[in-house]
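Those protein sequence lines, which keep their order, are chains A and B. To convert a position in the first sequence, counted from 1, into this note's numbering, add 189. To convert a position in the second sequence, counted from 1, into this note's numbering, add 209. Don't be surprised by glycine CBs; every beta carbon is placed ideally from N, CA and C. Step one of this worksheet: look at the structure below.
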Amino acid sequence: MEKTKLISRPINWNKIEDSVDLDVWNRLTQNFWLPEKVPLSNDVQSWGTLRPHEQKLTMHVFTGLTMLDTIQGTIGAMSLMPDARTQHEEAVITNIAFMESVHAKSYSSVFSTLCSTNDIEEAFRWSEDNPYLQKKAEIILGYYNGDDPLKRKVASTLLESFLFYSGFYLPMYWSSRAKLTNTADLIRLIIRDEAIHGYYIGYKFQLGFNEASKERQEELRSYTYDLLLELYENEIKYTADLYDEIGLTHDVKKFLHYNGNKALMNLGFDPLFPKDECDVSPAILSSLSPSSDENHDFFSGSGSSYVIGKHESTTDDDWDF
Amino acid sequence: MCEMFDLVYFSSVSENTKRFVDKLDPNAIRIPIKTEEAAEFVHNRDSVLVVPTYGGGNDTSTVPKQVIKFLNNPANRQHIKAVIAGGNTNFGAHFCKAGDLVAEKLGVPVLYKFEITGTPEDVSEVKERLAKLWQTKS
């Protein structure tokens with residue numbers, strides 16, 4: 190990695206060194222959204238149908254997610270800035286950081302729409318007192334403040350592609366039961382953004398990884414699995430603490446395994462958790478797509494997507510898309 | 210290794226799709242990354258196309274432009290017997306949409322959908338389906 194920054198250079202978007210920077214910039218800006226565009230107030234009635242402990246759980250989950258977005262927006266994404274390989278990467282990082290702040294703020298929009306001031310304050314107090322949430326933040330911040338740029342990227346990718354999912358589970362669960370559906374729409378926008386963030390930071394990690402020596406690659410590989418397991422161990426406790434009361438811990442863990450594997454894949458590593466520990470309930474998976482018509486069955490491998498299509502000759506006009 | 214159709218795939222510099230394809234067939238054929246080269250690229254043997262999905266639903270660039278250029282050549286597209294699509298369920302209804310779009314236009318089946326770089330289970334399932342597809346070829 191060469192740094193030639195003795196001379197200040199204005200960014201030239203007409204001279205792209207890495208096409209992924211431009212692709213990701215375009216995708217992120219096309220996906221731009223604000224919580225104000227989601228009609229959260231339509232969930233007020235639905236919120237009233239949740240039992241008090243379900244409301245409390247939802248608020249705790251959302252303050253937990255706010256915590257991660259806050260860290261990622263103000264520290265995590267910014268910690269990637271000094272090691273950017275191109276000026277366009279720097280620009281993409283500013284977008285990622287800003288969107289994390291939008292995500293963090295969007296939970297406050299949910300709160301102000303659905304909850305009382307007292308309840309909001311209780312939930313934020315909870316986030317400061319919950320040992321597992323604090324531990325999660327502590328582990329991640331330790332690496333963000335560390336001096337290894339590739340390890341920072343690993344920590345960032347694991348946050349984007351793994352740590353959020355104990356929280357994302359709950360709004361998807363409510364949505365699968367036709368509750369808080371507008372809030373779920375907002376969460377889906379966040380989930381979509383996080384996929385691009387994880388992909389991009391994972392890709393930049395791989396560029397550095399591919400240049401490293403065999404020994405260094407081995408060190409990074411075992412560091413990644415160790416960190417994932419360290420976070421996972423804490424995540425299991427966090428999950429049980431939140432979800433035991435409504436009996437969902439088992440299914441949330443599967444969702445964690447499933448996403449842990451995806452985080453590893455974003456970093457170019459092999460998945461860790463076996464298939465039978467990743468079979469997330471189909472209701473949760475289909476609630477990821479609001480209008481899913483279930484034309485594929487990805488997990489059971491039962492092959493419902495393997496249908497012989499009808500044949501119809503194509504014309505050249507068909508290929509102008 | 211048992212006989213099967215050629216695998217033709219596109220993978221950007223991120224190489225995610227390549228990682229998956231490498232586990233299926235070390236001799237798979239890669240559509241060039243440079244768009245003008247993709248437009249000139251010819252593969253005129255019966256094949257299964259592996260295509261990643263781009264974008265998140267708000268844009269028109271779902272199918273990589275190199276794949277569109279490749280398929281614009283009738284000599285290439287008449288040989289595609291099935292499509293395998295890559296994607297990410299985080300994109301909801303947009304998951305593996307590139308495969309659906311291309312398969313519909315070609316009138317061929319979507320053989321499989323995988324995420325990111327694929328799991329070992331994805332690899333064995335796809336191998337099985339590729340073998341089945343080869344057996345049922347006319």
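Checklist entry - Going by beta carbon distance, what residues of the same chain come within less than 8 Å of residue 244 of chain B, once the five residues before and after it are set aside? => result Within the second sequence, numbered from 1, the residue matching residue 244 of chain B stands at position 35. The beta carbon of residue 244 of chain B lies closer than 8 Å to those of 274, 275 and 278 in the same chain, with the five residues before and after it left out.
Item to check | Limits of the alpha helix (DSSP H) - the one that residue 223 of chain A falls within | outcome: Counted from its first residue, the first sequence places residue 223 of chain A at position 34. Counting along the chain, no alpha helix (DSSP H) covers residue 223 of chain A, and no H or E run does either.
Item to check | Cβ-based burial, residue 418 of chain A [other Cβ within 10 Å; buried from 16] | outcome: In the first sequence, residue 418 of chain A corresponds to position 229, counting from 1. Looking at its Cβ environment, which holds fewer than 16 other Cβ atoms inside 10 Å, residue 418 of chain A is exposed.
Checklist entry - Using the beta-carbon count (16 or more within 10 Å), is residue 240 of chain A buried or exposed? => result For this step, residue 240 of chain A is matched to residue 51 along the first sequence. By the 16-neighbour rule on beta-carbons within 10 angstroms, residue 240 of chain A is exposed.
Item to check | Touching by the beta-carbon criterion (3+ pairs, under 8 Å), the segment 376-385 of chain A and the segment 206-222 of chain A | outcome: Flag = yes, the segment 376-385 of chain A and the segment 206-222 of chain A touch.
Item to check | beta strand (DSSP E) segment containing residue 289 of chain B, residue limits | outcome: The residue you call residue 289 of chain B lines up with position 80 of the second sequence. That run of the beta strand (DSSP E) goes 289-296.
Checklist entry - DSSP beta-bridge partners for residue 238 of chain B? => result For the purposes of this step, residue 238 of chain B is taken as residue 29 along the second sequence, with counting starting at 1. Answer by DSSP bridge pairing, in chain order: B:217.
Item to check | Rounded C-alpha distance that separates residue 278 of chain A from residue 286 of chain A | outcome: Position 89 of the first sequence, counted from the first residue, corresponds to residue 278 of chain A. Position 97 of the first sequence, counted from the first residue, corresponds to residue 286 of chain A. Taking C-alpha positions only, residue 278 of chain A is separated from residue 286 of chain A by approximately 12 Å.
Next on the checklist: Going by C-alpha to C-alpha distance, which of A:209, A:303 and A:275 sits closest to residue 228 of chain A?
Outcome noted: Residue mapping note: residue 228 of chain A aligns to position 39 of the first sequence, counting from 1. Among A:209, A:303 and A:275, the Cα nearest to that of residue 228 of chain A is on A:303.
Next on the checklist: In whole angstroms, give me the CA-to-CA distance for residue 285 of chain B and residue 237 of chain B.
Outcome noted: Within the second sequence, residue 285 of chain B is the residue found at index 76, counting from 1. Within the second sequence, residue 237 of chain B is the residue found at index 28, counting from 1. Taken atom to atom, the span from the alpha-carbon of residue 285 of chain B to that of residue 237 of chain B is near 15 Å.
Item to check | Limits of the alpha helix (DSSP H) - the one that residue 263 of chain B falls within | outcome: By 1-based counting over the second sequence, the position of residue 263 of chain B is 54. First-last for residue 263 of chain B: undefined, no H or E at that position.
Next on the checklist: What are the residues in the segment 293-308 of chain B lying within 7 Å of chain A by C-beta distance?
Outcome noted: Taking 7 Å as the upper bound on Cβ-Cβ separation, chain A lies near residues 297, 298, 299, 300, 301, 302 and 304 of the segment 293-308 of chain B.
Checklist entry - For residue 298 of chain A, which residues from the same chain have a beta carbon less than 7 Å from its beta carbon, with the 5 sequence-adjacent residues on both sides left out? => result Along the first sequence, read from residue 1 onward, the residue named residue 298 of chain A stands at position 109. For residue 298 of chain A, where only same-chain residues beyond five positions count, the Cβ hits under 7 Å are 224 and 229.
Next on the checklist: Going by beta-carbon coordinates alone, are residue 361 of chain A and residue 476 of chain A separated by less than 9 Å?
Outcome noted: Taking the first residue of the first sequence as position 1, residue 361 of chain A is located at position 172. Taking the first residue of the first sequence as position 1, residue 476 of chain A is located at position 287. In this structure, residue 361 of chain A sits near residue 476 of chain A, with a CB-CB distance shorter than 9 Å.
Item to check | Proximal residues, the segment 376-404 of chain A versus chain B, C-beta separation under 8 Å | outcome: Per Cβ criterion, the list reads 377, 380, 381, 383, 384, 385, 388, 392 and 395.
Next on the checklist: Would the segment 337-350 of chain A count as touching the segment 449-457 of chain A if we require 3 or more Cβ pairs under 8 Å?
Outcome noted: Per the Cβ contact rule, the segment 337-350 of chain A is in contact with the segment 449-457 of chain A (3 or more Cβ pairs under 8 Å).
Checklist entry - What number of angstroms, rounded off, separates the C-alpha of residue 494 of chain A from the C-alpha of residue 320 of chain B? => result The residue given as residue 494 of chain A occupies position 305 in the first sequence. The residue given as residue 320 of chain B occupies position 111 in the second sequence. Caution applies to residue 494 of chain A, whose pLDDT of 30 falls short of 50 and renders its modelled position unreliable; the value that the coordinates give is listed next. Approximately 7 Å between the Cα atoms of the pair.
Next on the checklist: For the segment 218-227 of chain B against the segment 242-261 of chain B, do three or more pairs of beta-carbon atoms, one drawn from each stretch, fall closer than 8 Å, so that the two count as touching?
Outcome noted: The segment 218-227 of chain B vs the segment 242-261 of chain B: in contact.
Checklist entry - Should residue 264 of chain B be labelled buried (16 or more other beta-carbon atoms within 10 Å of its own) or exposed? => result Looking up residue 264 of chain B in the second sequence gives position 55. Burial call: buried.
Checklist entry - Around the Cβ of residue 195 of chain A, are there at least 16 other Cβ atoms within 10 angstroms (buried) or fewer (exposed)? => result Looking up residue 195 of chain A in the first sequence gives position 6. It is exposed - the Cβ of residue 195 of chain A has fewer than 16 other Cβ atoms within 10 Å.
Checklist entry - Which residues bound the alpha helix (DSSP H) around residue 320 of chain B? => result Residue 320 of chain B sits at position 111 when you count from the first residue of the second sequence. It is not in any alpha helix (DSSP H) - residue 320 of chain B instead sits in the beta strand (DSSP E) that spans 319-324.
Checklist entry - From the beta carbon of residue 325 of chain B, is the nearest beta carbon of chain A less than 9 Å away? => result Walking along the second sequence from the start, residue 325 of chain B turns up at place 116. Residue 325 of chain B counts as touching chain A.
Checklist entry - Taking the alpha-carbon positions, what's the residue 248 of chain B to residue 329 of chain A distance? => result The residue labelled residue 248 of chain B in the question sits at position 39 within the second sequence. The residue labelled residue 329 of chain A in the question sits at position 140 within the first sequence. Cα to Cα, residue 248 of chain B sits roughly 45 Å from residue 329 of chain A.
Item to check | Burial state of residue 296 of chain A (16 or more Cβ within 10 Å) | outcome: Here residue 296 of chain A refers to the residue found at position 107 when the first sequence is read from its first residue. Around the Cβ of residue 296 of chain A, a 10 Å sphere holds 16 or more other Cβ atoms; the residue is buried.
Item to check | Ordered list of beta strand (DSSP E) runs contained in the segment 281-326 of chain A, each at least 3 residues | outcome: Entirely contained in the segment 281-326 of chain A, not one beta strand (DSSP E) run reaches 3 residues.
Item to check | Neighbour list for residue 230 of chain B in chain A, Cβ cutoff strictly below 7 Å | outcome: Translated into positions along the second sequence, residue 230 of chain B becomes position 21. The premise fails here: residue 230 of chain B is roughly 14 Å from chain A at the closest Cβ pair, so nothing lies under 7 Å.
Checklist entry - To the nearest whole angstrom, what separates the beta carbons of residue 259 of chain A and residue 293 of chain A, a pair I think is in contact under 8 Å? => result Within the first sequence, numbered from 1, the residue matching residue 259 of chain A stands at position 70. Within the first sequence, numbered from 1, the residue matching residue 293 of chain A stands at position 104. About 5 Å; that satisfies the 8 Å criterion.
Item to check | residue 484 of chain A (DSSP reduced to helix, strand or coil) | outcome: The residue labelled residue 484 of chain A in the question sits at position 295 within the first sequence. Reliability of the predicted coordinates at residue 484 of chain A is poor, the pLDDT of 34 falling under 50, and no value is obtained from them.
Item to check | Those residues which DSSP pairs with residue 250 of chain A across a bridge | outcome: The residue given as residue 250 of chain A occupies position 61 in the first sequence. In the DSSP output, where bridge partners are listed per residue, residue 250 of chain A has none listed.
Item to check | For residue 292 of chain B, the nearest candidate out of B:271, B:315 and B:298 (CA to CA) | outcome: Mapped onto the second sequence, residue 292 of chain B falls at position 83. For residue 292 of chain B, the nearest C-alpha among the options comes from B:315.
Item to check | Alpha-carbon to alpha-carbon, residue 305 of chain A and residue 375 of chain A | outcome: Position 186 of the first sequence, counting from 1, holds the residue named residue 375 of chain A. Position 116 of the first sequence, counting from 1, holds the residue named residue 305 of chain A. Within the model, the alpha-carbon separation for residue 375 of chain A versus residue 305 of chain A is close to 20 Å.
Item to check | Contact list for the segment 232-255 of chain B against chain A, Cβ threshold 7 Å | outcome: Listed by position along the chain: nothing, the set is empty.
Checklist entry - Can you find a C-beta in chain B that's less than 9 Å from the C-beta of residue 457 of chain A? => result Sequence index remark: in the first sequence, residue 457 of chain A carries index 268 (1-based). Yes, residue 457 of chain A counts as interfacial toward chain B.
Next on the checklist: Quick check on residue 251 of chain B: does DSSP put it in helix, strand or coil?
Outcome noted: Within the second sequence, numbered from 1, the residue matching residue 251 of chain B stands at position 42. Three-state DSSP puts residue 251 of chain B in coil, outside helix and strand.
Next on the checklist: Let me check you understand the geometry: is the CB of residue 251 of chain A closer than 8 Å to at least one non-hydrogen atom of the ligand NAD?
Outcome noted: Because no ligand of any kind appears in the structure shown, any question about the ligand NAD cannot be addressed here.
Item to check | Contact with chain A by residue 218 of chain B, beta-carbon distance below 9 Å | outcome: Indexing the second sequence from 1 puts residue 218 of chain B at position 9. Chain A places no beta carbon closer than 9 Å to that of residue 218 of chain B, leaving this residue out of the contacts.
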